[in-house]
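Respectively, the protein sequence lines represent chains A and B. Quick note: the first sequence, position 143, residue 196 per the numbering used here, numbers continuous. Quick note: the second sequence, position 70, residue 86 per the numbering used here, numbers continuous.
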Amino acid sequence: MKTRITEMVGIKYPIVLSGMSWISTPKMVAAVSNAGGLGILATGPLNAEQTRESIREIRKLTDKPFGANASLMFPGAAENAKVLLQEKVPVINFALGKGDWIVKEAHKYGGKVFATVVNVKHAKRAQDFGTDAVIATGQEAAAHGEDVTSLVLIPHLAENLDIPVIAAGGFADGRGIAAALALGAEGVAMGTRLMTTKESPLHDNFKKLTLEKDVYDTLFSKRFDGILCRVMKTDAAKHAIKKGLSWPAAFFNSQDIAKQMGVPYFKLFLGVLLSGYKNARQLAFMANAFKAIRVATENGDSKTGVLPVGQVQGLIHDQPTVAELFERIMKEAKSAQAKVNAALD
Amino acid sequence: MFKTAITEMFGVKYPIICGAMMWLCKPKMCAAVSNAGGIGNLTAANYETADDFRAAIRETRKLTDKPFFIAITLLPSMRITPEHHKMYVRVCAEEKVDGIEFSGTPLDKVAGMEAVELLKNAGVRMFHKVGAVRHALHAQKIGFDGVYAAGIEEGGHPLNDDVTTMVLTRKMVSSLKIPVVSVGGIADGSGLAAALALGADGVMMASRFIATKECEVHDNIKQELIRRQEFDTVIYGKSIGLQGRGLKSKVLEEVLAIEARHGGFEELIPLLSGQKVKEAWETGDVDYAPLMVGQSIGLINDIPTCAELMERMAAEAKEHSARAAKLCGN
Chain A
54 MKTRITEMVG IKYPIVLSGM SWISTPKMVA AVSNAGGLGI LATGPLNAEQ TRESIREIRK
114 LTDKPFGANA SLMFPGAAEN AKVLLQEKVP VINFALGKGD WIVKEAHKYG GKVFATVVNV
174 KHAKRAQDFG TDAVIATGQE AAAHGEDVTS LVLIPHLAEN LDIPVIAAGG FADGRGIAAA
234 LALGAEGVAM GTRLMTTKES PLHDNFKKLT LEKDVYDTLF SKRFDGILCR VMKTDAAKHA
294 IKKGLSWPAA FFNSQDIAKQ MGVPYFKLFL GVLLSGYKNA RQLAFMANAF KAIRVATENG
354 DSKTGVLPVG QVQGLIHDQP TVAELFERIM KEAKSAQAKV NAALD
Chain B
17 MFKTAITEMF GVKYPIICGA MMWLCKPKMC AAVSNAGGIG NLTAANYETA DDFRAAIRET
77 RKLTDKPFFI AITLLPSMRI TPEHHKMYVR VCAEEKVDGI EFSGTPLDKV AGMEAVELLK
137 NAGVRMFHKV GAVRHALHAQ KIGFDGVYAA GIEEGGHPLN DDVTTMVLTR KMVSSLKIPV
197 VSVGGIADGS GLAAALALGA DGVMMASRFI ATKECEVHDN IKQELIRRQE FDTVIYGKSI
257 GLQGRGLKSK VLEEVLAIEA RHGGFEELIP LLSGQKVKEA WETGDVDYAP LMVGQSIGLI
317 NDIPTCAELM ERMAAEAKEH SARAAKLCGN
């Protein structure tokens with residue numbers, strides 16, 4: 054399939070792996086890129102050194118284009134983004150912040166930059182400073198969407214932007230891709246669907262849960278990590294959302310994060326404190342969410358672990374390899390589209 | 017030029033159906049949509065007596081010889097009682113209307129299977145607006161002809177399963193044998209093409225039809241829908257177990273404030289009265305009563321006639337599918 058995204062990046066299928074912490078690891082990124090999509094490395098849980106190692110590992114596993122994300126709200130994200138630029142990563146996907154400097158540097162080596170957005174205003178701003186494409190996150194997506202759903206957001210963005218739109222949220226099969234293309238998108242990003250493949254490092258306990266849960270088995274709340282976030286409806290998630298922000302837990306969990314990032318705790322603590330109460334509160338929320346997501350994805354602990362998933366979990370019934378999935382999806386998309394043509398003639 | 021289960025079932029040109037709108041879906045508006053090639057809507061709750069209701073059906077028939085839907089909401093309300101519901105069903109059967117859009121409680125639970133049989137024998141097509149597969153399966157089981165898959169983005173009262181139209185349509189299509197019509201978030205031809213790609217046999221829109229020349233509503237309201245964007249609606253009413261989506265306004269801010277401090281039903285009732293909505297439509301005061309529009313208002317930029325709207329949507333749907341076809345190599 055040829056779209057502006059496949060042409061821009063040089064991939065076979067217009068399918069992007071969402072950058073999911075502890076899931077979009079080097080092996081998973083390579084699996085998606087080798088199967089003809091675009092793998093995106095999640096750098097959220099990594100420090101600068103780990104980011105560099107991960108990119109080098111990906112390059113050993115695939116010679117295809119790939120990307121990496123930078124969630125600019127997280128501490129350490131700017132340092133990671135600098136590593137991505139030094140390593141000349143083909144696609145950088147920034148979110149939750151202003152990535153103009155990333156665009157400027159990436160374009161110097163021919164890299165492309167995608168901005169993850171939830172509204173037209175942010176999308177236009179990203180386009181204005183030279184971003185190459187946007188990933189539009191609808192309400193139904195895993196983790197950080199906002200109120201507006203894909204069905205409304207995609208056509209509005211497609212109509213108002215010159216750069217291509219990649220639709221995220223609500224896509225798990227070929228019919229979804231055909232719908233996204235009809236709405237004006239040039240590709241889709243998939244998280245939930247790809248986390249339930251053979252190559253995905255998501256713990257088996259949660260892969261099994263994803264297969265069992267239905268479209269309505271998610272929770273969408275600001276009380277998990279401080280901004281609107283969609284997670285799988287489990288007892289642990291209900292408990293976390295009911296409890297809201299726990300500062301003492303954040304104190305301990307942020308020490309873990311400091312260790313992981315390889316920075317002295319007092320330095321992280323001071324940095325966060327100096328960033329103001331609102332930001333400190335947000336990061337405290339995120340510190341706890343980080344812990345809950347990590348124990349879910351890595352340890353499969355459904356008692357305390359919480360997994361961000363999209364509503365499409367209810368459309369997922371199997372665990373194929375990424376290559377099998379892509380082939381099936383593209384076949385389905387073609388036949389779904391052919392049916393639309395038949396209805397229109 | 018369109019051929020789906022819906023266009024075949026009703027013999028209409030476009031698989032575009034107007035959704036129920038209290039105070040707005042009256043004979044003139046209903047006939048305008050049907051005459052333009054879609055399927056218009058006559059909302060039963062506008063009429064409190066069998067005579068008035070029957071007169072409205074006959075008036076619509078004078079204005080159009082094309083099929084149209086009656087909308088019957090099977091939910092308890094201050095004004096419309098279960099007796100009204102039974103009366104509407106009886107009159108629809110007697111008048112042999114083309115189709116009914118039911119919403120709320122399943123028809124058999126409200127009026128028994130005899131109501132379903134009565135309508136079936138009168139040749140009335142029955143559709144239920146649902147937000148979950150379990151409700152759709154019930155409609156299918158009792159012999160309904162189709163369902164409307166209503167996502168969380170719709171104006172009015174989306175089910176608190178909160179599933180979006182994109183995901184819900186997919187799920188419904190793979191779980192049902194009867195036709196599925198997508199509702200919520202659709203206002204143009206790209207949405208129509210997308211719904212068809214998801215496997216739906218048509219779309220239902222309401223907010224989009226408010227901003228048409230034929231809709232009898234104050235011009236301020238139409239202009240406001242053009243001005244406002246997709247993020248300008250809000251969900252309220254979760255605390256009283258009946259969530260609604262409406263245009264962000266002073267009155268809904270007040271409603272949400274009352275809900276936030278756990279104010280009760282009694283405090284909310286005066287703010288949510290249907291009579292006030294009627295006045296707001298007439299005076300054009302958007303802050304006076306909750307106006308139940310969906311996120312699709314972000315896609316509304318003009319006030320065409322119903323015929324212009326539908327022709328344009330058909331052309332857009334064609335154009336968008338042609339582009340998608342090219343990308344898919346079809």
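Every residue, glycine too, gets a C-beta built ideally from N, C-alpha and C. Being a predicted model, the structure only gives us computed values, none of them experimental.
Taking the C-alpha atoms as reference points, what is the distance between B/Glu335 and B/Leu241?
Cα-Cα distance, rounded: 25 Å.
Just to confirm, are A/Ala131 and A/Leu137 a CB contact at a threshold of 8 Å?
no
Under the DSSP definition of a beta bridge, which residues are partnered with B/Asn51?
In the DSSP output, where bridge partners are listed per residue, B/Asn51 has none listed.
Could you check which residue in A/Ala345, A/Thr184, A/Asn122 has the C-alpha nearest to that of A/Ala101?
The alpha carbon of A/Ala101 has as its nearest neighbour, out of A/Ala345, A/Thr184, A/Asn122, the alpha carbon of A/Asn122.
Please check if any C-beta of chain A sits within less than 8 Å of the C-beta of B/Asp178.
Under the Cβ criterion of 8 Å, B/Asp178 is counted among the residues facing chain A.
Could you name the residues of chain D that A/Asn394 contacts, counting a contact when the two beta carbons are closer than 8 Å?
Considering every chain present, this structure includes no chain D. Its protein chains are A and B.
List the residues of chain B that A/Asn213 touches, going by C-beta distances under 7 Å, in chain order.
Ordered by position in chain B, no residue passes the 7 Å Cβ test against A/Asn213, which lies about 10 Å from the chain.
Using beta carbons (cut-off 8 Å, strictly below), is B/Val302 in contact with chain A?
For B/Val302, the answer is no, since every Cβ of chain A falls outside 8 Å of its Cβ.
Which residue's Cα is closest to the Cα of B/Ile158: B/Val149, B/Leu123, B/Pro174, B/Val140?
B/Leu123
Quick test of your reading: B/Val309 and B/Ser223, contact by CB under 8 Å. State the CB separation rounded to the nearest angstrom.
4 Å
If you draw a straight line from the alpha carbon of B/Arg244 to that of B/Gly207, how long is it in whole angstroms?
19 Å
Return the residues of the region 184-215 of chain A that lie within a Cβ-Cβ distance of less than 9 Å from chain B, sorted by chain order.
Gly191, Gln192, Glu193, Glu199, Asp200, Val201, Thr202, Ser203, Leu204, Val205, Leu206, Ile207, Pro208, His209, Ala211, Glu212
Determine the direct distance from the alpha carbon of A/Gly227 to that of A/Lys384, and round the result to whole angstroms.
If I take the Cα positions, the gap works out to 7 Å.
Between the Cα of B/Asp178 and those of A/Lys117, A/Val144, A/Val365, spot the shortest distance and give me the residue it belongs to.
A/Val365
Assuming A/Lys286 contacts A/Leu272 (C-beta within less than 8 Å), just tell me the rounded distance between them.
5 Å
Which residues of the region 303-329 of chain B have a Cβ closer than 8 Å to any Cβ of chain A? Give them in chain order.
Gln311, Ser312, Gly314, Leu315
Closest Cβ-Cβ distance between B/Gly253 and chain A: below 8 Å?
no
Are the CB atoms of B/Ala127 and B/Lys102 within a distance shorter than 8 Å?
yes
Give me, in chain order, the residues of the same chain whose beta-carbon lies closer than 7 Å to that of B/Val267; leave out the 5 immediate sequence neighbours on both sides.
Leu287, Asp303, Tyr304, Ala305, Pro306
Would you mind giving the Cβ-Cβ distance between A/Val142 and A/Gly163, rounded to the nearest angstrom? I have them listed as a contact below 8 Å.
In fact, because the Cβ distance is near 11 Å, the residues do not count as touching under 8 Å.
Which residue or residues does DSSP assign as beta-bridge partners of B/Phe85?
B/Asn57, B/Gly115
Have a look at A/Ala84 and A/Phe319 and give me their C-alpha separation to the nearest angstrom.
C-alpha of A/Ala84 to C-alpha of A/Phe319: approximately 39 Å in a straight line.
For the region 277-304 of chain B, which segments carrying the alpha helix (DSSP H) assignment without a break, of at least 4 residues, lie completely within its bounds, in sequence order?
281-284, 290-299
Report the start-end ranges of each beta strand (DSSP E) in the region 83-114 of chain A that is 3 residues or longer and not cut off at the edges.
For secondary structure counted as the beta strand (DSSP E) over 3 or more consecutive residues, the region 83-114 of chain A holds these complete runs in sequence order: 92-94.
Can you tell me which residues form a DSSP beta bridge with A/Val69?
A/Leu91, A/Ala242
Return the CA-CA distance between A/Leu327 and A/Asn341, expressed in angstroms with no decimal places.
Their Cα atoms are separated by approximately 20 Å.
Taking the alpha carbon of B/Val28 as the reference point, which residue from B/Tyr63, B/Arg150, B/Met142, B/Gly56 has its own alpha carbon closest?
B/Gly56
I'd like the span of the beta strand (DSSP E) that includes B/Val197, first residue to last.
196-199
Examine the Cβ distances between the region 219-239 of chain A and the region 379-396 of chain A and report whether three or more of them are shorter than 8 Å.
yes
Please report the Cβ distance between B/Lys264 and B/Thr249, rounded to the nearest whole angstrom; I am assuming they are in contact, meaning their Cβ atoms lie under 8 Å.
6 Å
Among B/Ile316, B/Gly205, B/Asn176, which residue has its Cα nearest to the Cα of B/Gly253?
B/Asn176
Using 8 Å as the threshold, is the C-beta distance between B/Met329 and B/Ile32 below it?
yes
Return the CA-CA distance between B/Ala323 and B/Ile256, expressed in angstroms with no decimal places.
40 Å
From which residue to which residue does the beta strand (DSSP E) around A/Phe119 run?
119-124
In angstroms, rounded to a whole number, what distance separates the CA positions of A/Thr169 and B/Ala71?
54 Å
Which partner residues does B/Leu263 have in the DSSP bridge list?
Here B/Leu263 is bridged, per DSSP, to B/Thr249.
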